[in-house]
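The structure under discussion appears below in the form of structure tokens.
In UniProt numbering, the protein residues as written are 1 to 693.
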């Protein structure tokens, strides 16, 4: 592939609801641009961007892939991002590397939750964007309805560029709304002029008005002319579009058919003409040597720097670090410095990724996207630069996983292999976490949702040949007491020679501090228990609180007071007093009104207004206490509630089904609270049966 300078590069991410046609659009663009000679189909499992076995099996995108196309002497780096919410981390990585976005909307399904989430992501990263309404060849696809819904959501900045011409339920041409001219398809990428059909004029008037509204909104002068009834020329409309698409004040709406390759050429023309090259975007890091801001701004004349926005780790094709060059020109024989890891990395080869196919290249200019193979120390989020000018860019904000399951190896002895495989997968997927919960003797797998964890299990089996089974995780309860108990405990053993003798009288009561396991005090008088045995008594308590007598959970909030006892001048030992204290604790704890404490999390749920009642009702069913509601931008509510941790298992799936996928949640541990009697009884019984096994 030729070398392209910054002004000839367009980095475009494809976003949208799962199943709206992003991958099919990539295939159509690849074919029309001449990259491929056949159109891959998702159903056949032969598309460029869905190359992973899991993607082929499930027939949807799981990871972001890069497909570079050449059009009008420009290089368009297409980033095909997954639309399903469980793989949002991939979309966030793709958006961080893009300079513009195409939000794909199915003409049949219309505007969906994923469409709005894609818009929110573009807003967060301030990306210029356009909508592409796909599946215009399908019966009942309605471009007019999609434009109407988008205008209702996002206002007058929505500007339809084209309007479909349909005859006998077939998509046969389009009207260029800017030129007010009809075009009929003759062949792939070819069309001829035609009359605007009479039946299209009413919808055309609506589209034209929406387009002119959007243009008029771009300047006071245009607004005045518009109100005076003046017409804008085609060149004025196009010039206004280029400027205003870049600053996000106009959002074009295009349309077409990926399967019939209709209107794809216009979409690519618009990408080249209307979307900005990388050098139109600012990009700042910090020079760690001078502590000054480094304005990289995708300027090829500045010191070399690049940001690693994604990592591919595959047992078959190896490890590739996907980079976006932030400044300078990176060459295949460069030695780059990773300030984050304080390590130098020698590049042996530089690649351009075409799906999973690496193509060697000699250099990458500022703003371009490429890949480096087998970097030893570099991970996603790191910056590569030179040792003379060590730069660090801010890391991409990736969503935090809150759905988790317990996992176990199906085959004994596979634990190490599983751990290594997960480490590789976590390099690739920043929304995946492997946590060792030693307290409950379980290992936990965190992901963005049940589907995400299901894919991880499948990948472990397929790629790494290890099997795990998922189950419901245990929750870390605590034990404490509510009353006071007085205990007299004697440990006496005679077995020839020296015996064992330890005798303690102790009280146990609540300390009032649930953060600390225990408080130990002694008020022994008259040397009933010699001082040198006090540490042994405390050691007995210290060991006992690790596993409480009620259900085997750690104990908190106990005050233990040693007030009397006795000793034997020959048979007493530290061991005997430790044992006596331990026995005293078990008896005293069970006599002092023992209770289980359950962990409580503070949960924040963000949902559109219309779902607030459903969400609050569901939280009540989960024994949650709603603490408050805060209205936030975009007609949404933030519901804050305290919920017992035992009740949030499966919440991700329930929230999605309740809100059609539009709800989001996060939580953090708040405190421990006494568990209700029924929860306590159930938990104690469960632990008893576990111990019996």
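Built from N, CA and C at the ideal position, the CB exists for glycine as well.
CA nearest to the CA of residue 409, picked from 154, 445 and 385: That would be 445, whose Cα lies nearest to the Cα of residue 409.
How should residue 361 be labelled, buried or exposed, when 16 other C-beta atoms within 10 angstroms of its C-beta is the threshold for buried? By the neighbour-count rule (16 or more Cβ atoms within 10 Å), residue 361 is buried.
Pair within 8 Å by beta-carbon distance, residue 540 and residue 582: Inclusion of residue 540 and residue 582 in the CB contact set at 8 Å is warranted, their separation being smaller than that value.
Residue 257 beta carbon less than 8 Å from that of residue 270: When the beta-carbon positions are compared, residue 270 and residue 257 stay at least 8 Å from each other.
For residue 648 and residue 64, I'd like the C-alpha separation in whole angstroms. Rounded to the nearest whole angstrom, the CA to CA distance from residue 648 to residue 64 is 30 Å.
Please return the same chain residues whose Cβ sits closer than 7 Å to the Cβ of residue 538, not counting the five positions on each side in sequence. Here the set comprises 520.
Do you know offhand how far residue 262's Cα is from residue 102's? Each residue's CA atom was taken as its position, placing residue 262 and residue 102 some 17 Å apart.
Can you grab the Cα-Cα spacing for the pair residue 68 / residue 165, in whole Å? The straight-line gap from Cα to Cα measures roughly 31 Å.
Measuring straight from C-alpha to C-alpha, what distance separates residue 674 and residue 595? Looking at the two C-alpha atoms, the distance is approximately 7 Å.
Taking the alpha-carbon positions, what's the residue 756 to residue 259 distance? Residue 756 cannot be examined here, being either before or after the span of the chain that is shown, 1 to 693.
Which residues does DSSP list as the beta-bridge partners of residue 665? Beta-bridge partners assigned by DSSP to residue 665: 605.
Specify, as a first and last residue, the run of the beta strand (DSSP E) that residue 252 falls within. Residue 252 -> beta strand (DSSP E) spans 251-255.
As a quick exercise: from 327, 314 and 315, pick the residue whose alpha carbon is nearest that of residue 296. Shortest Cα-Cα distance from residue 296 to any of 327, 314 and 315 involves 327.
Taking the alpha-carbon positions, what's the residue 305 to residue 126 distance? Distance from the CA of residue 305 to the CA of residue 126, rounded to the nearest whole angstrom, comes to 22 Å.
By the three-class DSSP mapping on this structure, what secondary structure does residue 427 have? Three-state DSSP puts residue 427 in a helix.
Who are the near neighbours of residue 356 in its chain, counting only those whose CB is closer than 8 Å to its CB and skipping five residues on each side? 51, 52, 65, 312, 314 and 317.
Using only the alpha-carbon positions, how far apart do residue 220 and residue 159 sit? Rounded to whole angstroms, residue 220 to residue 159 spans 18 Å at the Cα level.
For residue 451, which of 2, 80, 86 and 82 has the nearest alpha-carbon? Closest by alpha carbon: 86.
Opposing strand residues paired with residue 71 [DSSP bridges]: The partner list for residue 71 (beta bridge, DSSP) reads 74.
Residue of 72, 2, 97 and 245 minimising C-alpha distance to residue 704: The chain is shown from 1 up to 693; residue 704 falls before or after that span and cannot be answered.
Going by DSSP in three states, residue 556 sits in which element: helix, strand or coil? For residue 556, the secondary structure class from DSSP, reduced to helix, strand or coil, is coil.
May I have the straight-line CA-CA distance separating residue 120 from residue 137, to the nearest angstrom? One C-alpha to the other measures close to 28 Å.
Taking the runs of the beta strand (DSSP E) that are 3 residues or longer, which of them lie wholly in the segment 491-529? Taking only runs of at least 3 residues, the beta strand (DSSP E) segments lying wholly in the segment 491-529 are 500-510 and 518-522.
With residue 392 and residue 383 assumed to form a contact (beta carbons below 8 Å), what rounded beta-carbon distance in angstroms separates them? Contact annotation, residue 392 with residue 383: C-beta distance approximately 5 Å; criterion of less than 8 Å satisfied.
Report the partner residues of residue 105 according to the DSSP bridge assignment. According to DSSP, residue 105 bridges with 133.
By DSSP's criteria, residue 331 is part of a beta bridge. Which residues make up the other side? Partner(s): 363.
Nearest-angstrom Cα separation, counted from residue 611 out to residue 228: Using only the alpha carbons, I get a separation of about 44 Å.
Local Cβ density within 10 Å of residue 525, reported as buried at 16 or more and exposed below that: Counting the other Cβ atoms within 10 Å of the Cβ of residue 525 gives fewer than 16, which makes it exposed.
Suppose the cutoff is 6 Å on Cβ atoms and the five residues either side in sequence are ignored; what does the same chain contact list for residue 493 look like? Once the five neighbours on either side are set aside, the close Cβ partners of residue 493 are 499 and 500.
Below 8 Å CB to CB, which residues in the same chain sit around residue 656 once its five sequence neighbours on both sides are set aside? Taking residue 656 as the centre and dropping the five residues before and after it, the same chain places the C-beta of 85, 449 and 663 closer than 8 Å to its C-beta, in chain order.
Measuring alpha carbon to alpha carbon, tell me which residue in 41, 274 and 71 is nearest residue 57. Comparing Cα-Cα distances from residue 57 to each of 41, 274 and 71, the minimum goes to 41.
Terminal residues of the continuous beta strand (DSSP E) containing residue 638? Its beta strand (DSSP E) spans residues 636-644.
Under the three-state DSSP convention, the category residue 278 falls into: Note: residue 278 maps to helix in three-state DSSP.
Would you kindly report the start and end of the unbroken alpha helix (DSSP H) that includes residue 536? It spans 534-544 - the alpha helix (DSSP H) in which residue 536 sits, taken as one unbroken run.
The beta strand (DSSP E) that contains residue 404, what's its start and end? Judged by DSSP secondary structure, residue 404 falls within the beta strand (DSSP E) whose first and last residues are 403-409.
Output the distance between the C-alpha atoms of residue 175 and residue 11, rounded to the nearest integer angstrom. Distance between the alpha carbons of residue 175 and residue 11 is about 28 Å.
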